[in-house]
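Protein chains in written order, with my numbering: chain U, 4 to 340; chain P, 4 to 340; chain L, 4 to 340; chain S, 4 to 340.
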């Protein structure tokens with residue numbers, strides 16, 4: 004399987020490196036508008052063909068799949084052209100900036116009968132997968148809510164706000180873990196450093212099961228936090244991606260009974276267990292999954308529908324944010340249904 | 004100064020102990036409906052007069068001040084009677100469950116010309132006071148926002164939700180630090196364990212300066228958190244009440260300039276400083292402050308107006324919570340103006 | 004069972020309080036040379052008889068047991084007199100400052116046929132007991148070594164060095180866990196603040212099984228540490244008494260095979276498990292154990308022999324310390340054998 | 004300045020990469036006995052000349068300097084040949100396994116009049132340098148002692164023990180910080196996994212000033228620790244290389260006076276300050292320093308004498324270790340004097 008990569012910015016070289024290391028795949032060519040970037044990537048990967056014209060990749064019959072690692076605004080056009088040329092397509096997250104663009108990409112993939120995968124890397128993170136395993140094993144009881152802190156100082160973007168920058172991570176993780184279509188979305192925030200670009204948002208997603216996912220996303224924080232707590236009726240989980248060793252901890256504790264007013268502390272606290280998490284790089288898992296899905300015709304874990312659902316949540320969250328935090332139903336917008 | 008304490012439940016004995024230790028004051032009598040509780044407190048403090056009839060305390064001319072440490076629903080009646088009898092009054096937080104009750108207590112104190120103080124203990128916490136000093140010294144620049152995590156497992160209440168249980172702490176701290184009347188209040192939450200009693204809420208308070216205070220309040224969490232971050236334009240502060248030593252840390256860092264798209268990481272990260280915080284018990288500071296205010300006719304830091312403002316924020320937060328999280332203006336409700 | 008307590012200094016009141024709360028026992032009298040201390044304890048426990056003459060307690064036929072909570076130099080005399088009067092005796096740790104004094108106390112108890120228990124509180128600490136359970140269950144394999152950090156700033160003593168101040172804790176814990184008589188003792192250290200009083204020592208105890216216990220004991224440290232690691236061939240344990248929640252952690256990891264030079268990292272790292280530790284106060288467990296041992300004629304966990312062994316290790320450690328850290332055999336000194 | 008690198012094992016490629024990035028230098032050739040390793044490094048650095056015969060590098064007149072990154076036993080021979088050919092020489096740490104070999108290398112460098120630098124990378128670590136600056140500024144008062152924990156699971160060596168594996172780090176750091184020749188060395192340890200290869204040692208170095216450096220070095224530990232505390236009479240410092248942000252913390256605390264027996268806790272605890280540490284890679288600083296020293300004829304921070312002193316301490320520590328931990332004087336061995 005021969006792959007062409009469009010976009011040699013910050014993330015592109017990581018994609019190339021992991022394609023090189025994935026068995027059964029080869030990165031053969033890279034396109035970018037910037038000759039400087041092409042020179043840099045060519046120095047690092049001398050066997051790579053480079054070009055400033057992405058059409059060379061799309062029209063090359065020896066190329067099986069295209070990775071679109073360009074600014075979000077260009078995803079639709081590039082993906083549609085690649086599908087039209089009969090390629091399998093990997094698109095970096097978020098799939099698009101609007102539901103209508105995302106839907107167009109999904110439809111183009113369906114028409115072409117080719118694989119569409121979206122680069123929601125975190126669902127391939129071994130710790131996130133371990134939490135999914137814990138949830139699926141049902142031991143934590145009914146999942147009440149989860150709360151995520153994804154904050155740090157300084158990676159301000161200029162074209163998108165913190166919701167679109169950091170939000171795709173938490174939304175894709177929450178949708179993967181909960182495995183339900185949301186019921187509603189709600190979002191508040193503020194713009195402190197740049198006008199009209201939120202640098203802090205609080206995002207909430209409600210689910211039909213009654214579960215809630217809440218996230219604090221911020222470009223303004225004293226230190227980097229990557230912590231999510233999951234509250235089940237019988238167990239609780241902490242996933243802290245900053246930890247080198249104990250990334251996931253399972254707390255065998257919960258509220259048991261609440262009968263008398265006098266004895267208010269009727270809770271149960273038990274052992275804490277931290278399963279060993281493999282140290283595999285998430286992007287490596289992701290790239291190998293793409294190669295396998297193309298080769299075997301499998302549906303990717305983060306397929307077009309999953310990527311579209313993330314875009315829909317973010318679009319609704321923007322609507323809520325602009326209206327001062329009003330709750331927005333998910334289904335009213337589900338025009339595809 | 005001789006003090007009578009009404010209420011010998013969980014908190015009453017702490018009040019008594021700190022009154023004993025405060026110079027210039029003496030706890031002389033305690034009233035409670037439960038003879039068991041009276042027996043217990045009498046065993047611990049043998050010199051104390053105990054009674055099941057609080058009126059004995061209010062009508063005792065040798066008693067100068069009354070501490071009301073009873074369930075919130077009784078605060079108004081007891082405070083009004085105490086003021087009518089010419090006593091100074093200390094009322095545990097929250098001052099009342101409704102703005103109208105809180106206003107009635109404030110007015111009763113004004114009519115009596117006596118001291119009214121509300122037990123917002125956290126504003127007497129040395130670490131909270133240290134943060135106030137940092138804010139007042141202006142070194143942190145413009146205060147953008149603060150976010151608080153006040154969560155733990157198991158102290159479920161049966162009559163009030165987590166907003167009324169834990170919220171008074173964060174609201175009183177935020178009002179003390181920001182020293183502004185709020186502009187708006189917003190609150191979302193969910194009831195997981197008991198119907199109609201929120202065990203998780205997310206509270207936001209907006210201020211005229213543009214600052215925002217956000218709090219995650221929960222009775223359902225794997226471990227106890229008492230952490231607040233404060234984001235200023237030039238410095239950031241972390242206040243973690245769980246820490247034995249480094250309760251307050253000041254991060255000399257901020258976003259400096261955001262000019263080019265390429266060089267996105269234009270932030271500044273400098274030294275971290277953790278000032279020594281005295282280990283004085285907040286309740287001791289509070290009780291001594293009450294004694295001094297009564298003796299010298301000073302306005303308490305947590306006076307009736309401060310207590311009323313907390314109740315107003317919580318009442319508005321309840322309104323927002325019941326309406327699905329809509330933003331509620333603070334001033335429209337300011338019927339006293 | 005009626006108990007008299009000799010010594011009302013720092014630790015005495017804790018003993019009294021726990022005797023009050025222990026079922027089947029009562030603290031009835033306290034002796035101390037200082038009237039101030041007696042006044043203070045009488046204020047707190049009004050039912051207590053107080054006296055400056057300890058002989059009143061020893062000669063009182065209604066008193067069944069004596070707790071000796073006085074400076075170490077007085078332990079032997081007081082214990083011998085109490086045994087001579089037919090009392091059961093509890094002696095605070097360390098049992099004595101010399102092996103000969105400790106042996107004299109043990110013999111006095113044997114002659115009297117009464118219970119002798121030494122106040123090595125840490126062996127009653129629920130976390131220490133949990134580690135003992137883990138060791139006895141054999142899952143950690145062969146115990147290679149343990150290393151303890153017991154350091155903090157500022158509780159300098161004036162009559163004894165840090166070895167005699169903090170050492171009894173680690174020695175008693177190590178002897179309890181390993182359940183062997185030591186093979187040798189070795190100790191180095193230095194006197195930085197006061198001449199001839201070591202404020203930092205490094206203590207090593209070798210055991211016949213090949214296991215080693217090492218401890219860093221210091222009155223000079225930036226922060227308080229109470230951490231012990233235990234290295235087994237199949238598992239490792241961390242016991243951190245400073246942690247509120249995860250006091251004990253079991254690491255399922257070890258070195259598996261070391262065969263090839265190229266592949267040096269042939270180790271195994273698995274899950275981490277933190278068992279729930281009850282929050283019972285160690286002193287409460289200890290006092291109840293003393294009451295039970297007296298009542299039922301049971302041998303205390305920290306009996307005279309255990310207390311003597313601790314003194315012997317410390318005496319040998321002093322000899323090693325004074326000779327610049329030479330290794331000292333344990334058995335050559337075992338004159339009792 | 005053209006550099007040849009002998010040794011393409013684990014560390015060699017890092018040296019090559021940093022030479023490439025250092026201004027004024029170029030890695031031009033690499034020699035290794037293994038063709039596989041040469042192929043691997045050639046793939047990564049295509050411009051590099053590779054050879055299985057190191058003599059090609061030493062005899063190449065266009066090469067100015069040789070980096071010796073081979074097993075320790077070969078250091079002397081390679082360094083002597085390189086000096087004889089008129090090259091500047093960089094030797095990986097430790098300089099040699101015996102004092103006599105180390106001395107021979109130093110003398111060879113002196114005879115050649117060329118630069119000799121030893122790869123004690125940690126003295127180029129920005130955090131270690133920051134601590135040096137704090138010590139030199141004298142604010143911490145008299146340095147009493149330092150204690151280091153350098154432990155982790157599983158990088159067992161087969162030819163050397165943990166003293167020679169991890170010890171060069173702590174010894175070189177301590178000598179750099181204290182800037183004195185040691186007075187004595189003492190070392191104890193044990194072999195748990197392999198016979199005759201210590202996997203745990205406790206190393207102590209005494210200095211003429213009275214200061215002591217202690218280190219716990221182990222290949223058997225539940226988690227990786229890289230923590231050193233430094234105790235001064237007026238301040239204390241914690242250097243934790245595992246921390247991403249607060250690598251160095253200065254505690255403004257110490258023992259002030261110890262006068263009365265009653266008031267034992269006469270210590271002072273003040274603020275804690277964590278200076279910003281640059282995130283520069285230590286190896287990069289080191290390689291640039293080598294290039295500068297060669298170019299400008301400067302004496303390297305880790306010159307031959309420094310490397311020799313480390314070897315001497317380790318050799319004496321081995322002697323102490325083999326004799327059961329006896330204290331060994333440093334000067335008696337100083338045969339060069």
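All residues carry an ideal CB built from backbone N, CA and C; glycine is no exception.
Checklist entry - Could you give the uninterrupted runs of the alpha helix (DSSP H) lying entirely in the region 146-182 of chain S, keeping only those of 4 residues or more? => result 165-181
Item to check | Proximal residues of chain L, C-beta to C-beta of residue 328 of chain S below 7 Å | outcome: In the fourth chain, the residue the question calls residue 328 of chain S occupies position 325. Simply 189, 328, 330.
Checklist entry - Closest Cβ-Cβ distance between residue 52 of chain U and chain L: below 7 Å? => result By 1-based counting over the first chain, the position of residue 52 of chain U is 49. For residue 52 of chain U, the answer is no, since every Cβ of chain L falls outside 7 Å of its Cβ.
Item to check | Selection from U:42, U:187, U:18 that minimises the alpha carbon distance to residue 333 of chain U | outcome: For the purposes of this step, residue 333 of chain U is identified with residue 330 of the first chain, where counting begins at 1. The option with the nearest alpha carbon to residue 333 of chain U is U:187.
Checklist entry - Using 7 Å as the limit for Cβ to Cβ distance, is residue 49 of chain U near chain L? => result Looking up residue 49 of chain U in the first chain gives position 46. False, the Cβ-Cβ gap to chain L never drops below 7 Å.
Item to check | Cβ-Cβ separation, residue 256 of chain S to residue 212 of chain S (assumed contact under 8 Å), whole Å | outcome: Within the fourth chain, the letter at position 209 stands for residue 212 of chain S. Within the fourth chain, the letter at position 253 stands for residue 256 of chain S. Contact doesn't hold; Cβ gap of about 21 Å is too wide.
Next on the checklist: I'd like to know whether the C-beta of residue 147 of chain P is nearer than 7 Å to at least one C-beta of chain U.
Outcome noted: Position 144 of the second chain, counting from 1, holds the residue named residue 147 of chain P. Yes - at least one Cβ of chain U is within 7 Å of the one on residue 147 of chain P.
Checklist entry - Between which two residues does the alpha helix (DSSP H) containing residue 307 of chain U stretch? => result For this step, residue 307 of chain U is matched to residue 304 along the first chain. Residue 307 of chain U -> alpha helix (DSSP H) spans 307-325.
Checklist entry - Hey, residue 99 of chain P and residue 114 of chain P are a contact pair by Cβ (cut 8 Å); roughly how many whole angstroms apart? => result Translated into the one-based positions of the second chain, residue 99 of chain P becomes position 96. Translated into the one-based positions of the second chain, residue 114 of chain P becomes position 111. Not really, about 17 Å apart at Cβ, beyond 8 Å.
Checklist entry - Can residue 67 of chain L and residue 5 of chain L be called in contact, C-beta distance under 7 Å? => result Within the third chain, residue 67 of chain L is the residue found at index 64, counting from 1. Within the third chain, residue 5 of chain L is the residue found at index 2, counting from 1. Their beta carbons are under 7 Å apart, which means residue 67 of chain L touches residue 5 of chain L by this criterion.
Checklist entry - What residues in the region 190-214 of chain U have a beta carbon less than 8 Å from any beta carbon of chain L? => result none
Item to check | Residues, ordered as in the chain, of the region 220-249 of chain L that lie near chain U by beta-carbon distance below 9 Å | outcome: 248, 249
Next on the checklist: Can you look up residue 387 of chain L in the DSSP assignment and give me helix, strand or coil?
Outcome noted: The requested residue 387 of chain L is not part of the displayed model; chain L covers only 4 to 340.
Checklist entry - In chain P, which residues lie with their C-beta within 7 Å of the C-beta of residue 217 of chain U? => result In the first chain, residue 217 of chain U corresponds to position 214, counting from 1. Chain P residues near residue 217 of chain U: 205.
Checklist entry - By Cβ distance below 6 Å, which residues in the same chain neighbour residue 293 of chain S in space, the five residues on each side in sequence not counted? => result Start at 1 with the first residue of the fourth chain, and residue 293 of chain S comes out as number 290. Counting only Cβ-Cβ distances below 6 Å, and skipping sequence neighbours, we find 93, 120.
Item to check | Residue from L:154, L:317, L:172 with nearest C-alpha to residue 233 of chain S | outcome: On the fourth chain, residue 233 of chain S is found 230 positions in, with the first residue counted as 1. The option with the nearest alpha carbon to residue 233 of chain S is L:154.
Item to check | Beta carbon of residue 288 of chain S nearer than 7 Å to that of residue 174 of chain S | outcome: The residue labelled residue 288 of chain S in the question sits at position 285 within the fourth chain. The residue labelled residue 174 of chain S in the question sits at position 171 within the fourth chain. No. Outside cutoff.
Next on the checklist: For residue 72 of chain L and residue 95 of chain L, which I take to be in contact (beta-carbon distance under 8 Å), what is that distance rounded to the nearest angstrom?
Outcome noted: The count along the third chain starts at 1 and reaches residue 72 of chain L at position 69. The count along the third chain starts at 1 and reaches residue 95 of chain L at position 92. Yes, they are in contact, since the Cβ atoms of residue 72 of chain L and residue 95 of chain L sit about 5 Å apart, within 8 Å.
Checklist entry - What are the start and end residues of the alpha helix (DSSP H) that includes residue 252 of chain P? => result The residue you call residue 252 of chain P lines up with position 249 of the second chain. Looking at the DSSP string, residue 252 of chain P is not in any alpha helix (DSSP H); the run it does join, the beta strand (DSSP E), is 251-258.
Checklist entry - residue 219 of chain S to residue 279 of chain U, Cα distance in whole Å? => result Taking the first residue of the fourth chain as position 1, residue 219 of chain S is located at position 216. Taking the first residue of the first chain as position 1, residue 279 of chain U is located at position 276. Rounded to the nearest angstrom, the two C-alpha atoms are 27 Å apart.
Checklist entry - By DSSP, does residue 271 of chain L sit in helix, in strand, or in coil? => result To locate residue 271 of chain L, count along the third chain from 1; it is residue 268. Of the three classes helix, strand and coil, the one that applies to residue 271 of chain L here is strand, per DSSP.
Next on the checklist: Give me, in chain order, the residues of the same chain whose beta-carbon lies closer than 7 Å to that of residue 271 of chain P; leave out the 5 immediate sequence neighbours on both sides.
Outcome noted: Looking up residue 271 of chain P in the second chain gives position 268. Once the five neighbours on either side are set aside, the close Cβ partners of residue 271 of chain P are 256, 257, 259.
Item to check | Same chain, Cβ closer than 6 Å to residue 275 of chain S, neighbours up to 5 away in sequence not counted | outcome: The residue given as residue 275 of chain S occupies position 272 in the fourth chain. Once the five neighbours on either side are set aside, the close Cβ partners of residue 275 of chain S are 252, 254.
Item to check | Boundaries (first-last residue) of the alpha helix (DSSP H) holding residue 61 of chain S | outcome: As a working mapping, residue 61 of chain S is identified with position 58 in the fourth chain. Element bounds for residue 61 of chain S: 58-61.
Item to check | Exposure label - residue 132 of chain P; buried when at least 16 CB within 10 Å | outcome: Position 129 of the second chain holds residue 132 of chain P. So residue 132 of chain P counts as buried.
Checklist entry - For residue 266 of chain S, which residues from the same chain have a beta carbon less than 6 Å from its beta carbon, with the 5 sequence-adjacent residues on both sides left out? => result Stepping through the fourth chain from its first residue, residue 266 of chain S is reached at position 263. Because residue 266 of chain S carries a pLDDT of 47, less than 50, the predicted location of this residue cannot be relied on, and the following value inherits that uncertainty. The answer is none, since no qualifying residue turns up.
Item to check | Residues that residue 150 of chain U contacts on chain P, provided the C-beta gap is smaller than 7 Å | outcome: The residue labelled residue 150 of chain U in the question sits at position 147 within the first chain. Those are 219, listed as they occur along chain P.
Checklist entry - DSSP puts residue 194 of chain L in a beta bridge; with which residues? => result Walking along the third chain from the start, residue 194 of chain L turns up at place 191. Its beta-bridge partners do not exist; DSSP assigns none.
Next on the checklist: Between which residues of its own chain and residue 310 of chain U is the CB-CB distance below 6 Å, once the five residues before and five after are set aside?
Outcome noted: Locating residue 310 of chain U in the first chain gives position 307, where the first residue counts as 1. 98, 121.
Checklist entry - Which partner residues does residue 240 of chain U have in the DSSP bridge list? => result As a position in the first chain, residue 240 of chain U is number 237, starting the count at 1. Answer is U:233, U:253.
Next on the checklist: When you compare the region 33-53 of chain S with the region 12-23 of chain S, are there three or more beta-carbon pairs, one atom per stretch, that lie closer than 8 Å?
Outcome noted: yes
Checklist entry - Cβ of residue 243 of chain P within 6 Å of any heavy atom in the ligand NAP? => result No copy of the ligand NAP occurs in the structure displayed, which carries no ligand at all.
Checklist entry - In angstroms, rounded to a whole number, what distance separates the CA positions of residue 47 of chain U and residue 185 of chain P? => result Here residue 47 of chain U refers to the residue found at position 44 of the first chain. Here residue 185 of chain P refers to the residue found at position 182 of the second chain. Looking at the two C-alpha atoms, the distance is approximately 56 Å.
Item to check | Spatial distance of residue 189 of chain P from residue 240 of chain P (CA atoms) | outcome: As a first step, residue 189 of chain P must be located in the second chain, where it is residue number 186. As a first step, residue 240 of chain P must be located in the second chain, where it is residue number 237. Spanning the two alpha carbons is a distance of roughly 24 Å.
Checklist entry - Exposed or buried, what is residue 58 of chain P when buried is set at 16 or more other beta-carbons lying within 10 Å of its beta-carbon? => result Residue 58 of chain P sits at position 55 when you count from the first residue of the second chain. Residue 58 of chain P should be labelled exposed.
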